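Contents: one structure, followed by commentary.
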Amino acid sequence: MGIYIEYNTDKKFDFNYEDVIRSVIIEAIDYVKCPYKAELNVTITDNEEIHEINKQYRDVDSATDVLSFPGLNYVEPGDFKSIKKFLEENHEDYFNPETDELMLGDIVVSIEKVYEQADKYGHSPLRELAFLVAHSMMHLFGYDHMTEPEAKEMEGKQEDVLARLDITRDKDIKMITKVTKEDEALIKEAKKAMKFSYSPYSKFPVGAALLTEDGKIFTGANIENASYGATNCAERTAIFKAVSTGEKKFVKIAVVSKKGAAYPCGICRQVMSEFMNENAICLVEVDKEIKRYSLGDLLAFSFKL
Ligand code: THU
1 MGIYIEYNTD KKFDFNYEDV IRSVIIEAID YVKCPYKAEL NVTITDNEEI HEINKQYRDV
61 DSATDVLSFP GLNYVEPGDF KSIKKFLEEN HEDYFNPETD ELMLGDIVVS IEKVYEQADK
121 YGHSPLRELA FLVAHSMMHL FGYDHMTEPE AKEMEGKQED VLARLDITRD KDIKMITKVT
181 KEDEALIKEA KKAMKFSYSP YSKFPVGAAL LTEDGKIFTG ANIENASYGA TNCAERTAIF
241 KAVSTGEKKF VKIAVVSKKG AAYPCGICRQ VMSEFMNENA ICLVEVDKEI KRYSLGDLLA
301 FSFKL
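Be aware that the sequence shown starts at 1, since it is given in UniProt numbering, and climbs by one per residue.
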């Protein structure tokens, strides 16, 4: 699944906005049971730019919090069955020819509105961003709020998606700590990769799975050597496999091990920081439990030239 986030403003979020956006999008897609692999674009901008876009595309002369540009027309909101035949017949118009993913549309969010509205409603900006993305996703699935019953239905669905992620109005959320749908899939791949670990010396098998921005997964296992020092960790195996096939942008990594804690070593953290930003998510298996960190949490002030 390709989630492409563009950042068009110099104003900064003070929480992991990329994780929030990805998690809400994936949860929403799962919630409506979209049967296709999908992709979409999210642009973060400011009041000035969203005002311009609002004027240009909707003829509304004011700034707004979020704009949604659905790529599809639905017969019934959120119902993919009724457009299945149409989509198949017009495959080239609705699926990205390179990735074969369904192009769900575009979301534009004003960071200034996120903070203004969080303040107004007395909840965290994380909750506000998650709410706006969930709302916009429902628009991308054909829901609307023109009439009272329609609005109620749409709101209910948004809240369901947020509740699944444990993002509620009353909690002051700084980071998503719940293992998400996307996390689960990645952990499963890391566990499969661990089976190929070559670790006769330490007897400590490790598996890793790396997610690229456009949704590809590369896996790796630790490969040891009689000289000990020539050992390659699972994370670096996965990263080097990916980079050597032309991939350079990674958004998430899962690291698992049957025993103990699979915290990446210092060298792996440094290698990760070459190709992943501080918001990238690192899922680490610790005594059979998955812990969720951002790379920034695991490696502060990483070395950069
Ligand atoms: N190991 C990894 O695969 N990843 C890490 O980041 C930590 C260590 C492996 C290397 C070696 O094969 C075994 O764990 C024991 O150090």
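Even for Gly, the Cβ is constructed at its ideal location relative to N, Cα and C. For clarity, every value in this text was computed on a predicted model and none was experimentally measured.
Query	Result
In whole angstroms, give me the CA-to-CA distance for Lys249 and Glu213.	6 Å
Would the beta-carbon of Ala163 be found less than 7 Å away from any heavy atom of the ligand THU?	no
Between Phe218 and the ligand THU, is there a pair consisting of the residue's CB and a ligand heavy atom that are separated by less than 7 Å?	no
Closest to Ala130 by C-alpha separation, out of Asn8, Val284, Ile26, would be which residue?	Ile26
Closest to Ser197 by CA distance: which of Thr180, Arg236, Leu140, Thr147 is it?	Arg236
Taking the alpha carbon of Pro97 as the reference point, which residue from Ala151, Ala38, Ser62, Phe86 has its own alpha carbon closest?	Ala38
Going straight from the alpha carbon of Thr64 to that of Asp287, what length do you get?	46 Å
Can you list, in chain order, the residues of its chain with a C-beta nearer than 7 Å to that of Asp166? Leave out the 5 residues immediately preceding and following it.	Lys178
Classify Ser82 as helix, strand or coil using the three-state DSSP reduction.	helix
For Asn222, verify whether its CB is less than 7 Å away from any heavy atom of the ligand THU.	yes
Select from Ser68, Leu87, Leu67 the residue whose C-alpha is nearest the C-alpha of Val75.	Leu87
Tell me Cys265's beta-bridge partners as DSSP assigns them.	For Cys265, which the question treats as bridged, DSSP gives no partner whatsoever.
Quick one: is the Cβ of Cys268 within less than 7 Å of any heavy atom of the ligand THU?	yes
Short check: CB of Gly2 to CB of Gly246, under 8 Å?	no
Which same chain residues end up closer than 6 Å to Thr180 when comparing Cβ atoms and leaving out the 5 residues on each side of it in sequence?	Ser23
Going residue by residue through the stretch 19-70, where are the continuous alpha helix (DSSP H) segments of at least 4 residues, counting only ones entirely within it?	47-58
Is the beta carbon of Ile223 less than 8 Å from the beta carbon of Ile290?	no
Specify, as a first and last residue, the run of the beta strand (DSSP E) that Ser110 falls within.	102-110
With DSSP as the reference, label Arg127 as helix, strand or coil.	helix
Does the stretch 102-113 come into contact with the stretch 46-57, if we say contact requires no fewer than three beta-carbon pairs (one atom in each stretch) closer than 8 Å?	yes
Please classify Asn16 as buried or exposed, where buried requires at least 16 neighbouring CB atoms within 10 angstroms.	buried
Closer than 7 Å to a non-hydrogen atom of the ligand THU - does that hold for the CB of Thr9?	no
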